[in-house]
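One line per chain: the protein sequences are R, W, H and S, in this order.
Numbering (the working numbering) for the first sequence: 1 to 191.
Numbering (the working numbering) for the second sequence: 1 to 191.
Numbering (the working numbering) for the third sequence: 1 to 191.
Numbering (the working numbering) for the fourth sequence: 1 to 191.
Scroll down for the structure; my scribbles are underneath it.
Number of protein chains: 4
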Amino acid sequence: MSETKEEILRATYHALCDHGFADLTMQAIADEAGVSKSLLHYHYDTKQDLITSFLGTFTERFEDKLDALDADDPAERLDLIVDRLLFGQDDSDQTDFGRAFLELRAQAPHEPAYRDQLAANEEFLRAVLADTIEDGIEQGVFHDVDPERTARLLRATMDGARSQHITLGDDTREVVRDALDDHVLSDLRVE
Amino acid sequence: MSETKEEILRATYHALCDHGFADLTMQAIADEAGVSKSLLHYHYDTKQDLITSFLGTFTERFEDKLDALDADDPAERLDLIVDRLLFGQDDSDQTDFGRAFLELRAQAPHEPAYRDQLAANEEFLRAVLADTIEDGIEQGVFHDVDPERTARLLRATMDGARSQHITLGDDTREVVRDALDDHVLSDLRVE
Amino acid sequence: MSETKEEILRATYHALCDHGFADLTMQAIADEAGVSKSLLHYHYDTKQDLITSFLGTFTERFEDKLDALDADDPAERLDLIVDRLLFGQDDSDQTDFGRAFLELRAQAPHEPAYRDQLAANEEFLRAVLADTIEDGIEQGVFHDVDPERTARLLRATMDGARSQHITLGDDTREVVRDALDDHVLSDLRVE
Amino acid sequence: MSETKEEILRATYHALCDHGFADLTMQAIADEAGVSKSLLHYHYDTKQDLITSFLGTFTERFEDKLDALDADDPAERLDLIVDRLLFGQDDSDQTDFGRAFLELRAQAPHEPAYRDQLAANEEFLRAVLADTIEDGIEQGVFHDVDPERTARLLRATMDGARSQHITLGDDTREVVRDALDDHVLSDLRVE
DNA sequence: GATGAATGAGAGTTCATTCAT
DNA sequence: AATGAATGAACTCTCATTCAT
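This is the structure:
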């Protein structure tokens, strides 16, 4: 990817943080990137294309970072992943971006291009969880549950907790984390 | 509430179904209601006021319907509620509306009026679940868990499952329902 | 005039003070009068009619107050009138109203009904001045000038000084008053 | 200034002549300039900005034209200036524009940006008059009056005469001019 | 005499997109 | 590759006016 395109996508991220998705304008992105609106259209036909492209590279990098998470054993790795997916990296940018991302997600039903990207990302996350659970089962540290099903349960729970945190401001993530530990993860662990 | 206001809110619902929240216009609502745009402003100062009002009555009615759910014992009632919150009443309108509602929720961080309404509604849902669990404990049909914590876990999971269903199109609700049964609800039941 | 109409015109005065002429709305007048917009239209066909009516009674009362000014001799009376026309009765309401009145005057070229009222009022003011000067000449206390011409000079000067005071905030009225005394009124006085 | 901006300001002038200030719309200006409304907002953020900008360049050019007036001696120059300020250049456009300008002036109390421009312009006119009078005094052709005070008197009178002419249609400017000559200017001239 | 409900026309402003350079 | 100028369509909101009661 050209440097200019990189810069545009970086600017898109920050513009999303500053304005949210609903108020995101091409002008705001151009301003943030220090280029003209026309240049955005030179590199991306439409606003949608730009955002789709942003979404693609963003999820890709996110997936890379998640892959990089490693641990000695499956149980520890699962904990690590759950923490990351539930709490993210809590700097202030990420909070703002979380809001914008939620708005973007809410557009997915109306924008197949977004939906496909998000679906692929979700697929990835489930696979990471399922694989980790499967490893645990193979290594005898987890009971023999259906990995895919458990992964989906975990994803739904974490997703909901984050959404509620973002939309309502009311942080139940710690509590949910504990409850998840008690009800689900402890069921999983052998001894 | 005057008949006209009722009609306007009804029209808002349908306009949301047809256009989604991001593309919801006063014109669309007016058209759906068969009245002029100016009349909307006669009854509601701003678009936001109208939507806030809509949200208020909508959640109120939703809460009434939930309250009406009844069952012989707490376990059955809990099942009923979980089913309702997870699956809704699946007509096609409700699917469309679910999309719009998700968009609206995503605006909550930027619109305190929306957030307050949604927070109150969430509070209600948690209370309904927690109360049911508490009843079960008192009647000896549930183990002695922390009702509030369990309620939050359930809510997060159901919320996430619905969101994923809506945004990704990929329905994991049945699977999540089963997993929830296995991991959480079965933990709850005495015997 | 009915009490209601009186009340409406009184409300128009205060609404003009509060909003200025450009931002004067029927709603503002109705609010100030504590009645409905429709009632304004019941008593006055159009906004213009209402304002024209207001302007008529306002100038009428103003003229009555000016007529009430009296003094022992023409020189003193002239001074009194000049002071009144230049400075008005300087309470804060009158300042606000002065602004609105200036806006209204500026509409006169586009609204014959306003222009006619204002022209009649101006005619009256000139006549009062000219008559006073004429009296002075007859009584031998003023030199034999053209009363009408002098009246017009005085009016133009006073009008301009007030307008500048209102529009620019820069009060030259005292200075103009002195200069007028030196250059014009002293020319007038015998001895 | 870009040609387009020049054209927009030119169009603003003519739109003011055609519609008056109260009825001046962005659409009318755009139509007159043969461009789209959006282009106006591309060059000027708001309607107010556009008008303020118009007012600035208009008064600037007016001041340039006044500066260009020259004469052999101060007395003659004063006459020239008084004539110009009282009568303007009497084409029909200028009559229409005079009306609009009066409306704009009447908005000055509510719009600091306008007031500042107008105040600066008024300051300039007073200075031109005062300077001319001062020159005359130094050259011994005028009596030793207070130049500033006399300038203010002249300005008030001329301003009032023009306002009355515009608002009432009743042209007293010739008469006022004569009276001014008799009472003020003749007082000024040595011999 | 008085009101509330309703309208239509139009206002200023925003924004993704296009095009000539 | 990059820009500035320009557009068209759409948006929310305002307001004098009307009409049924």
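Backbone N, C-alpha and C fix where the C-beta goes; we use that ideal spot for every residue, glycine too.
On a predicted model such as this, the values are computed, not experimentally measured, just so you know.
Rounded straight-line distance, which links the Cα of Y13 of chain W to that of I51 of chain W = What you label residue 51 of chain W is simply residue 51 of the second sequence in a count that begins at 1. What you label residue 13 of chain W is simply residue 13 of the second sequence in a count that begins at 1. Each residue's alpha carbon lies about 10 Å from the other.
request  = Examine chain R for any beta-carbon lying closer than 8 Å to the beta-carbon of H183 of chain W, and answer yes or no.
outcome  = Working through the second sequence from its first residue, we reach residue 183 of chain W at position 183. It does; some Cβ of chain R falls within 8 Å.
ask   = Using a Cβ-Cβ cut-off of 8 Å (strictly less than) and excluding sequence neighbours within five positions of K37 of chain W, which residues of its own chain qualify?
value = Against the second sequence, residue 37 of chain W aligns to sequence position 37. Answer for K37 of chain W: M26, Q27 and A30, listed in chain order.
Best match in R:D18, R:L24, R:A33 and R:A22 for proximity to V9 of chain R [C-alpha to C-alpha] = As a working note, residue 9 of chain R is residue 9 in the first sequence. In the sequence on display, residue 9 of chain R carries Leu and not Val. Closest option to L9 of chain R, Cα to Cα, is R:A33.
ask   = Where P168 of chain W and D182 of chain W are concerned, what is the direct C-alpha to C-alpha distance, given to the nearest angstrom?
value = Reading the second sequence from its first residue, position 168 is the one you call residue 168 of chain W. Reading the second sequence from its first residue, position 182 is the one you call residue 182 of chain W. It is Leu, not Pro, that sits at residue 168 of chain W in the sequence shown. C-alpha separation (whole angstroms): 25 Å.
inquiry  = Ignoring anything shorter than 3 residues, give me the beta strand (DSSP E) runs that lie fully in the segment 45-123 of chain S, in order along the chain.
reply    = none
key: Residue range of the alpha helix (DSSP H) that includes R189 of chain W   = What you label residue 189 of chain W is simply residue 189 of the second sequence in a count that begins at 1. From DSSP, R189 of chain W is part of no alpha helix (DSSP H); its letter is neither H nor E.
message = I need the straight-line Cα distance from A119 of chain H to H165 of chain S, nearest angstrom please.
response = On the third sequence, residue 119 of chain H is found 119 positions in, with the first residue counted as 1. On the fourth sequence, residue 165 of chain S is found 165 positions in, with the first residue counted as 1. Between A119 of chain H and H165 of chain S, the C-alpha separation is close to 10 Å.
key: Chain-ordered neighbours of H122 of chain S on chain H, where CB pairs are closer than 8 Å   = Walking along the fourth sequence from the start, residue 122 of chain S turns up at place 122. The question names His, but residue 122 of chain S in the sequence shown is Glu. The contacting residues are Q164, L168 and D170.
request  = Would you list the one or two residues that DSSP bridges to F21 of chain H?
outcome  = As a working mapping, residue 21 of chain H is identified with position 21 in the third sequence. In the DSSP output, where bridge partners are listed per residue, F21 of chain H has none listed.
key: 8 Å contact criterion, which L104 of chain S and F21 of chain S should meet: CB distance rounded   = Position 104 of the fourth sequence holds residue 104 of chain S. Position 21 of the fourth sequence holds residue 21 of chain S. Contact holds; Cβ gap of about 5 Å.
ask   = Going by C-alpha distance, which of S:H41, S:R126 and S:Y42 is nearest I81 of chain S?
value = If you number the fourth sequence from 1, residue 81 of chain S lands on position 81. Looking at the Cα atoms, S:R126 is the closest of the given residues.
message = Distance check for V175 of chain H and D73 of chain H, CA to CA, integer angstroms please.
response = Along the third sequence, one-based indexing puts residue 73 of chain H at 73. Along the third sequence, one-based indexing puts residue 175 of chain H at 175. When rounded, the distance between both Cα atoms is 25 Å.
key: Reference E138 of chain R; option with closest CA among R:R189, R:D116, R:L66 and R:R162   = As a position in the first sequence, residue 138 of chain R is number 138, starting the count at 1. Checked all of R:R189, R:D116, R:L66 and R:R162; the closest Cα to E138 of chain R is R:R189.
ask   = Can you check whether the CB of L180 of chain W is closer than 8 Å to the CB of T157 of chain W?
value = Within the second sequence, residue 157 of chain W is the residue found at index 157, counting from 1. Within the second sequence, residue 180 of chain W is the residue found at index 180, counting from 1. Yes, the pair counts as a contact, with Cβ atoms nearer than the cut-off.
inquiry  = Looking at A161 of chain S: is its Cβ nearer than 8 Å to the Cβ of R173 of chain S?
reply    = Stepping through the fourth sequence from its first residue, residue 161 of chain S is reached at position 161. Stepping through the fourth sequence from its first residue, residue 173 of chain S is reached at position 173. A distance below 8 Å separates the beta carbons of A161 of chain S and R173 of chain S.
Whole-angstrom distance between G136 of chain H and I133 of chain S, CA atom to CA atom = Within the fourth sequence, residue 133 of chain S is the residue found at index 133, counting from 1. Within the third sequence, residue 136 of chain H is the residue found at index 136, counting from 1. Looking at the two C-alpha atoms, the distance is approximately 33 Å.
query = R177 of chain S: buried (16+ other C-beta within 10 angstroms of its C-beta) or exposed?
reply = By one-based count along the fourth sequence, residue 177 of chain S stands at place 177. Buried, by the Cβ-count rule.
ask   = Hey, out of W:K65, W:R61 and W:K5, whose CA is closest to D45 of chain W's CA?
value = Taking the second sequence and counting its residues from 1, the one referred to as residue 45 of chain W is at position 45. Considering only alpha carbons, the answer is W:K5.
request  = Compare the C-alpha of L24 of chain W against each of W:F62, W:F97, W:A71 and W:L66 and name the closest.
outcome  = Translated into the one-based positions of the second sequence, residue 24 of chain W becomes position 24. Closest option to L24 of chain W, Cα to Cα, is W:F97.
query = Buried or exposed: where does P109 of chain W fall if 16 or more other Cβ atoms within 10 Å of its Cβ makes it buried?
reply = Stepping through the second sequence from its first residue, residue 109 of chain W is reached at position 109. Counting of Cβ neighbours within 10 angstroms places P109 of chain W among the buried residues, the total reaching 16 or more.
message = Please list the terminal residues of the continuous alpha helix (DSSP H) segment that includes Q139 of chain S.
response = One-based indexing of the fourth sequence puts residue 139 of chain S at position 139. No alpha helix (DSSP H) holds Q139 of chain S; DSSP gives it neither H nor E.
query = From which residue to which residue does the alpha helix (DSSP H) around G160 of chain R run?
reply = Here the question's residue 160 of chain R lines up with position 160 in the first sequence. Looking at the DSSP string, the run of the alpha helix (DSSP H) that includes G160 of chain R is P147 to L168.
inquiry  = Residues of the segment 84-111 of chain W in Cβ contact with chain R at a cutoff of 7 Å, in chain order, please.
reply    = Those would be R99, L102, E103, R105, A106, Q107, A108, P109 and H110, in chain order.
message = At the 8 Å Cβ level, is D187 of chain H part of the contact set with chain S, yes or no?
response = The residue labelled residue 187 of chain H in the question sits at position 187 within the third sequence. It does; some Cβ of chain S falls within 8 Å.
query = Residues in its own chain within less than 7 Å of K47 of chain R by CB, not counting five upstream and five downstream?
reply = Here residue 47 of chain R refers to the residue found at position 47 of the first sequence. M26, listed in sequence order.
request  = Tell whether a beta-carbon distance below 8 Å holds between L55 of chain S and Q117 of chain S.
outcome  = Counted from its first residue, the fourth sequence places residue 55 of chain S at position 55. Counted from its first residue, the fourth sequence places residue 117 of chain S at position 117. Yes, Cβ-Cβ distance for L55 of chain S and Q117 of chain S is below 8 Å.
request  = Let me know the secondary structure DSSP gives S36 of chain R once reduced to three states.
outcome  = Numbered from 1 along the first sequence, position 36 holds the residue referred to as residue 36 of chain R. When DSSP states are grouped into helix, strand and coil, S36 of chain R belongs to the coil group.
Backbone secondary structure at T132 of chain S - three-state DSSP = Within the fourth sequence, residue 132 of chain S is the residue found at index 132, counting from 1. Three-state result, T132 of chain S: helix.
query = How about L129 of chain H and R99 of chain H: are their beta carbons less than 8 Å apart?
reply = The residue labelled residue 129 of chain H in the question sits at position 129 within the third sequence. The residue labelled residue 99 of chain H in the question sits at position 99 within the third sequence. Not in contact: L129 of chain H and R99 of chain H (Cβ atoms no closer than 8 Å).
message = Between H:Y42, H:A11, H:L66 and H:L185, which has its C-alpha nearest Q89 of chain H's C-alpha?
response = In the third sequence, the residue the question calls residue 89 of chain H occupies position 89. Of H:Y42, H:A11, H:L66 and H:L185, the residue nearest in Cα terms is H:L66.
message = Please tell me whether R77 of chain W and A68 of chain W are closer than 8 Å, where the distance is taken between their beta carbons.
response = Here residue 77 of chain W refers to the residue found at position 77 when the second sequence is read from its first residue. Here residue 68 of chain W refers to the residue found at position 68 when the second sequence is read from its first residue. Judged by their CB atoms, R77 of chain W and A68 of chain W are not nearer to each other than the 8 Å cut-off.
request  = Run down chain R in chain order and give the residues with a C-beta less than 7 Å from the C-beta of D159 of chain W.
outcome  = Residue 159 of chain W sits at position 159 when you count from the first residue of the second sequence. Chain R residues near D159 of chain W: G160, S163 and Q164.
request  = Between the Cα of G140 of chain H and those of H:N121, H:L102, H:R84 and H:A75, spot the shortest distance and give me the residue it belongs to.
outcome  = Reading the third sequence from its first residue, position 140 is the one you call residue 140 of chain H. If we check each option's Cα against that of G140 of chain H, H:A75 comes out closest.
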